[in-house]
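From first to last, the protein sequence lines are chains H and D.
Heads up: the first sequence runs through residues 1 to 302, numbered per our numbering.
Heads up: the second sequence runs through residues 1 to 269, numbered per our numbering.
Backbone N, C-alpha and C define an ideal beta-carbon position, used for all residues, glycine too.
Only a predicted model underlies this, so the values are computations on that prediction, with no experimental measurement involved.
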Amino acid sequence: MPRLNVNGVTIDNTFAEAFGMRATAIVITAPNRKWARQAAVTMTGFATSVIGCGCEAAIDVELAPSETPDGRPGCRVMIFAVSTDELQKQLQNRVGQCVLTSPGSACFAGLDGPNELKLGAALRYFGDGWQISKKLGGSHYWRVPVMDGEFVCEATVGMTKEAVGGGNLLLLAGSNAKALAAAEAAVAAINDVRGAIMPFPGGIVRSGSKVGGKYKGMMASTNDAFVPTLRGVTKSELEPDVNAVLEIVIDGETSEAVAAAMRAGIKAVTRLGPVKGASRISAGNYGGKLGKFHYHLKDLLP
Amino acid sequence: MKALTFTLRAEPPERLDLSPLTPQGLAGLDKRAIQEIRLGQSKLASTVGDMFRVSGSDPDSIVIEGGSSRFDGVALGMTAGSLRVAGDVGAQAGRAMRGGQLTIEGDAGPHAGSGMRGGRLEILGNAGDHLGAPLAGELAGMNGGVLVVRGRAGACVADRMRRGLIAVLKGCGDHAGSRMIAGTLVVAGGAGEMPGYLMRRGSILLDRAPKSLSPSFVESGAPDSVFATLADRHLVAEGILRRPLLGKAPRKYGGDNAVLGLGEILFPA
């Protein structure tokens, strides 16, 4: 495979393969930044992969009071799923259990679009008859009485069918510490890209997977080609001096957002260089036949 | 095209029904046909041509230059476009409006915006009694849209209101929001006796504590309210108010418990 080199970091001439998904976004606000983040972190817990969690979700950006509908600190959270029904179910359960319950919270639509999901329109029944519907201008809110006052929640939220899930970067390094340093640099850079989230813990995956496995019923199993300890027993992708690989998985509101996020990640990793971070960047794909979206690393160089 | 303009020749000798002069009512009519429309409600039977000089041609934008308290039914049932009256109007201005923008630069008589369903009605002067309210025998009053009175309004503002927003900026008479079914009534400048009398649901937002309340309202605390912030921001963004009305944690009275009791009266703590 021909390879490119930027600042001493080798970049494979390969591509990341990603899939079309359904996505929505909400804005969670709270009396202060701490509690806005808390509600957002709680509702995006156990939302790393659609394989086992039903959806992939994370904080997109934190919003200053001047950027939110109610003038309080907030977070924009994005949620991705494979079908509209599943997305609706996950949204309703997660907002109902994690945002409604969080002190002082309110919840607003974070995405416009022709397709709509129920937000407050599904949660209002918690009000047991004392919920109040309010329309102000073009917005429809539900006000649900709760023990610290009122949970205000926009009735509906837009949904996009243009979302993309599964953009990725594989960061190969000489040691675990270097791999982690490279991955953290990539995560920090991608956090600044609007419309893109990294749903795994802290944005990083250490257990990259391939489709299927030797055991019946396993949808995914370990990506042995990138496991350093299996170099002797499998068809490995790793050269002898690679001792750790970490993956960044990216979901985006649009294909452009995924590309922008991968570009930002590659830039951060190459800037860090091979001495402190990754010696090589690769990407995961399934031969190009499964996913509609292909992101060639050579097109995303800084 | 220039706005279709009706310039009043002299004070009308009889009550006029101006309801034919709406954008949809005049669409497709030539100037001659417009001048022949009968407006007078007595045996004098004044026509448009008798009362007004007509100029311009765009029926989507109508201007009535000059006003009179004898102008009844201005913009009745208007669905789109704009209508501006440079003067006073009589009863039932903007009644049953469904869309478009009606501006009255003077005062309005009783039942302005009665049974409105949409659009925006702005009265720069004062309004009479029963603003947005139903006529006798009707079950619901205002049913949507935005109604702003920059001056003062009379009694029974928003009676039986069901949807939409009414804002009165220089105070109103007694029984504001009486028998409200839902919707939002904003009164700055002080409401008269017993606002919210027999209201079922809906919100009455005041800029000060009400001077009297029906005894079947209950004090309901003053927790932080996101809704108050949203309402304040909306009113300022829409150009209805210059500064926030309620603040972050307004006091609330719930009622009227003589009926359903799901309504609220909010005012700054």
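| Asked | Found |
| --- | --- |
| For residue 20 of chain D and residue 46 of chain D, I'd like the C-alpha separation in whole angstroms. | 13 Å |
| Please name the residue, chosen from H:81, H:124 and H:156, that lies closest to residue 144 of chain H on a Cα-to-Cα basis. | H:124 |
| Within 7 Å (strictly less), CB to CB, does residue 23 of chain D reach chain H? | no |
| In chain D, which residues lie less than 8 Å from residue 141 of chain H when you measure between Cβ atoms? | 227 and 230 |
| Which chain D residues are close to residue 148 of chain H, counting only those with a beta carbon under 7 Å from its beta carbon? | 223 |
| Among the residues of its own chain, which have a CB less than 8 Å from the CB of residue 24 of chain H, if the five just before and after it don't count? | 78, 79, 87, 91, 110, 111, 117, 157, 158, 159 and 160 |
| For the alpha helix (DSSP H) that residue 53 of chain H lies in, which residues bound it at each end? | 50-53 |
| Does residue 36 of chain H have its Cβ less than 7 Å from a Cβ in chain C? | The structure shown has no chain C; the protein chains it does contain are H and D. |
| Quick one: what does DSSP say residue 83 of chain H is sitting in, helix, strand or coil? | coil |
| Per DSSP, what kind of secondary structure is residue 115 of chain H in: helix, strand or coil? | strand |
| Does any residue of chain D bring its CB to less than 7 Å from the CB of residue 63 of chain H? | no |
| I need the boundaries of the beta strand (DSSP E) containing residue 21 of chain D, first residue and last residue. | Element bounds for residue 21 of chain D: n/a, residue is neither H nor E. |
| Classify residue 92 of chain D: buried if its beta carbon has 16 or more other beta carbons within 10 angstroms, exposed otherwise. | buried |
| Does the distance from the C-beta atom of residue 191 of chain D to that of residue 215 of chain D stay below 7 Å? | no |
| Examine chain D for any beta-carbon lying closer than 7 Å to the beta-carbon of residue 119 of chain H, and answer yes or no. | no |
| Going along the chain, which residues of its own chain have a beta-carbon closer than 6 Å to the beta-carbon of residue 212 of chain D, five neighbours each way excluded? | 193 and 194 |
| May I have a chain-ordered list of the alpha helix (DSSP H) segments no shorter than 4 residues that lie completely inside the segment 96-165 of chain H? | 120-123 |
| Please identify, using Cβ separations under 8 Å, the residues of the segment 230-244 of chain D that lie next to chain H, in order along the chain. | 230, 231, 233, 234, 237 and 238 |
| Is residue 150 of chain D closer than 7 Å to residue 183 of chain D when the C-beta atoms are compared? | no |
| From the DSSP output, read off the bridge partner residues of residue 122 of chain D. | D:103 and D:148 |
| Of all Cβ atoms in chain D, is any one closer than 7 Å to the Cβ of residue 136 of chain H? | yes |
| Hey, is residue 57 of chain H's beta-carbon within less than 7 Å of any beta-carbon in chain D? | no |
| If you count every other CB in all the chains shown that lies within 10 Å of the CB of residue 85 of chain H, and 16 or more means buried, which is it? | exposed |
| Assuming contact is defined by CB atoms lying nearer than 7 Å, are residue 266 of chain D and residue 250 of chain D in contact in what I supplied? | yes |
| How many angstroms separate the CA atom of residue 113 of chain D from the CA atom of residue 99 of chain D? | 12 Å |
| Write down the C-beta distance between residue 192 of chain H and residue 81 of chain H rounded to the nearest angstrom, noting that I regard them as a contact closer than 8 Å. | That belief does not hold up - the Cβ atoms of residue 192 of chain H and residue 81 of chain H are roughly 25 Å apart, past 8 Å. |
| Give me the Cα-Cα distance between residue 146 of chain D and residue 189 of chain H, rounded to the nearest whole angstrom. | 46 Å |
| Between residue 144 of chain H and chain D, is the shortest Cβ-Cβ distance under 7 Å, so that the two count as touching? | no |
| From this set, D:18, D:54, D:105 and D:132, which residue's C-alpha is nearest residue 41 of chain D's C-alpha? | D:18 |
| Tell me whether the beta-carbon of residue 228 of chain H lies closer than 7 Å to the beta-carbon of residue 47 of chain H. | no |
| Are residue 107 of chain D and residue 94 of chain D close, meaning C-beta to C-beta below 7 Å? | no |
| For residue 260 of chain D, which option in D:247, D:227, D:238 and D:217 has the closest C-alpha, if you only look at C-alpha atoms? | D:217 |
| Going by DSSP, what residues sit across from residue 222 of chain H in a beta bridge? | H:209 |
| Which bits of chain H does residue 83 of chain D rub up against, with CB to CB less than 8 Å? | Under the 8 Å cutoff, chain H gives no residues; its nearest Cβ is about 22 Å from residue 83 of chain D. |
| Using a Cβ-Cβ cut-off of 7 Å, state whether residue 181 of chain H counts as contacting chain D. | no |
| Within a Cβ cutoff of 6 Å, which residues of the same chain sit near residue 228 of chain D, ignoring the five residues on either side of it in sequence? | 246 and 250 |
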